[in-house]
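In this note's numbering, the protein residues as written are 871 to 990.
All C-beta atoms in this analysis are idealised placements derived from N, C-alpha and C, irrespective of residue type, glycine included.
Here's the structure we're looking at; comments come further down.
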(Lines of atoms letter the chains of each structure in order from A; the text may use other names.)
(Lines give C-alpha, C1' and ligand atoms only; values in the text may rest on other atoms or scores of the structure.)
Protein backbone atom coordinates (compact mmCIF):
# COMPACT_ATOMS: atom_id res chain seq x y z
CA UNK A 871 0.00 0.00 0.00
CA UNK A 872 1.60 3.16 -1.20
CA UNK A 873 0.22 6.40 0.40
CA UNK A 874 1.67 9.77 -0.45
CA UNK A 875 1.65 12.16 2.51
CA UNK A 876 2.22 15.84 2.05
CA UNK A 877 4.27 17.13 4.95
CA UNK A 878 3.32 20.32 6.80
CA UNK A 879 6.01 22.50 5.21
CA UNK A 880 5.15 21.70 1.63
CA UNK A 881 1.47 22.28 2.41
CA UNK A 882 2.12 25.70 3.98
CA UNK A 883 4.32 26.66 1.03
CA UNK A 884 1.61 25.81 -1.46
CA UNK A 885 -1.19 27.40 0.57
CA UNK A 886 0.36 30.34 2.44
CA UNK A 887 -2.97 31.62 3.75
CA UNK A 888 -4.58 35.00 3.32
CA UNK A 889 -2.34 37.82 2.23
CA UNK A 890 -3.09 40.99 4.17
CA UNK A 891 -2.29 44.42 2.76
CA UNK A 892 0.58 46.18 4.51
CA UNK A 893 -0.45 48.48 7.34
CA UNK A 894 0.16 52.22 6.93
CA UNK A 895 3.41 53.52 8.39
CA UNK A 896 3.25 54.80 11.97
CA UNK A 897 5.10 57.83 13.29
CA UNK A 898 8.27 57.21 15.33
CA UNK A 899 7.80 56.41 18.98
CA UNK A 900 4.58 54.47 18.44
CA UNK A 901 2.32 57.49 18.75
CA UNK A 902 -1.00 57.16 16.98
CA UNK A 903 -1.51 59.16 13.82
CA UNK A 904 -3.98 61.86 14.81
CA UNK A 905 -6.91 62.49 12.56
CA UNK A 906 -8.94 65.67 12.24
CA UNK A 907 -11.95 63.87 13.70
CA UNK A 908 -10.14 63.63 17.05
CA UNK A 909 -9.55 67.38 17.29
CA UNK A 910 -12.08 69.31 19.37
CA UNK A 911 -14.77 70.98 17.31
CA UNK A 912 -15.14 74.02 19.57
CA UNK A 913 -12.80 76.36 21.47
CA UNK A 914 -11.84 75.62 25.08
CA UNK A 915 -13.50 77.44 28.00
CA UNK A 916 -12.99 81.22 27.99
CA UNK A 917 -11.43 81.31 31.48
CA UNK A 918 -8.00 80.40 32.87
CA UNK A 919 -8.31 78.18 35.95
CA UNK A 920 -6.32 78.76 39.13
CA UNK A 921 -3.17 76.66 39.22
CA UNK A 922 -3.22 73.70 41.58
CA UNK A 923 -0.30 72.96 43.86
CA UNK A 924 2.74 72.25 41.67
CA UNK A 925 4.32 68.83 41.76
CA UNK A 926 8.12 68.66 42.25
CA UNK A 927 8.56 65.66 39.94
CA UNK A 928 7.17 64.48 36.61
CA UNK A 929 3.44 64.23 36.18
CA UNK A 930 2.12 60.69 36.57
CA UNK A 931 0.85 59.37 33.20
CA UNK A 932 -1.95 57.57 35.05
CA UNK A 933 -3.20 60.83 36.51
CA UNK A 934 -3.18 62.78 33.26
CA UNK A 935 -4.81 59.86 31.42
CA UNK A 936 -7.99 60.74 33.32
CA UNK A 937 -8.05 63.90 31.17
CA UNK A 938 -8.07 62.09 27.81
CA UNK A 939 -10.48 63.73 25.35
CA UNK A 940 -11.29 66.51 27.82
CA UNK A 941 -10.39 70.19 27.92
CA UNK A 942 -7.28 70.39 30.09
CA UNK A 943 -5.28 73.39 31.21
CA UNK A 944 -1.54 72.72 31.49
CA UNK A 945 1.29 74.64 33.17
CA UNK A 946 4.83 73.83 31.97
CA UNK A 947 8.19 74.20 33.73
CA UNK A 948 9.24 76.89 31.22
CA UNK A 949 6.36 79.14 32.38
CA UNK A 950 4.03 78.44 29.46
CA UNK A 951 0.41 77.60 30.12
CA UNK A 952 -2.36 76.76 27.69
CA UNK A 953 -5.54 74.81 26.99
CA UNK A 954 -4.85 71.29 25.80
CA UNK A 955 -6.96 68.39 24.53
CA UNK A 956 -5.00 65.14 25.13
CA UNK A 957 -5.73 62.14 22.91
CA UNK A 958 -2.81 59.84 23.84
CA UNK A 959 -0.79 59.27 27.01
CA UNK A 960 2.43 57.27 26.88
CA UNK A 961 4.89 56.36 29.64
CA UNK A 962 6.67 59.73 29.35
CA UNK A 963 4.66 61.83 26.92
CA UNK A 964 1.25 63.21 26.11
CA UNK A 965 -0.02 63.91 22.59
CA UNK A 966 -3.04 65.96 21.66
CA UNK A 967 -4.15 69.38 20.52
CA UNK A 968 -3.03 72.73 21.92
CA UNK A 969 -5.22 75.85 21.65
CA UNK A 970 -3.21 78.69 20.10
CA UNK A 971 -5.87 81.37 20.68
CA UNK A 972 -7.59 80.83 17.33
CA UNK A 973 -7.57 77.09 16.56
CA UNK A 974 -6.33 73.70 17.77
CA UNK A 975 -2.88 72.51 16.64
CA UNK A 976 -1.30 69.10 17.15
CA UNK A 977 1.14 69.15 20.06
CA UNK A 978 3.11 66.67 22.15
CA UNK A 979 4.84 67.22 25.46
CA UNK A 980 7.12 65.27 27.77
CA UNK A 981 5.35 64.62 31.07
CA UNK A 982 8.51 65.71 32.90
CA UNK A 983 7.92 69.24 31.56
CA UNK A 984 4.42 69.51 33.04
CA UNK A 985 4.27 71.23 36.42
CA UNK A 986 0.53 70.84 36.92
CA UNK A 987 -2.72 70.41 35.03
CA UNK A 988 -6.44 70.44 35.57
CA UNK A 989 -9.14 69.06 33.31
CA UNK A 990 -12.83 69.80 32.83
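Sheet register partners of residue 980 (DSSP bridge):
963
Of the residues 962, 961 and 969, the one placed nearest residue 944, counting alpha carbons only
969
Straight-line CA distance for residue 961 to residue 931?
6 angstroms
My understanding is that residue 963 touches residue 942, with C-beta atoms under 8 angstroms, so please give their C-beta distance in whole angstroms.
The Cβ separation is near 15 angstroms, so there is no contact.
Kindly indicate which three-state DSSP category residue 951 falls into: helix, strand or coil?
Reduced to three states, the DSSP call for residue 951 is strand.
Is it true that the CB of residue 983 sits closer than 7 angstroms to the CB of residue 947?
yes
From the DSSP output, in three-state form, read off residue 934 for me.
helix
Which one or two residues does DSSP pair with residue 958 in a beta bridge?
965
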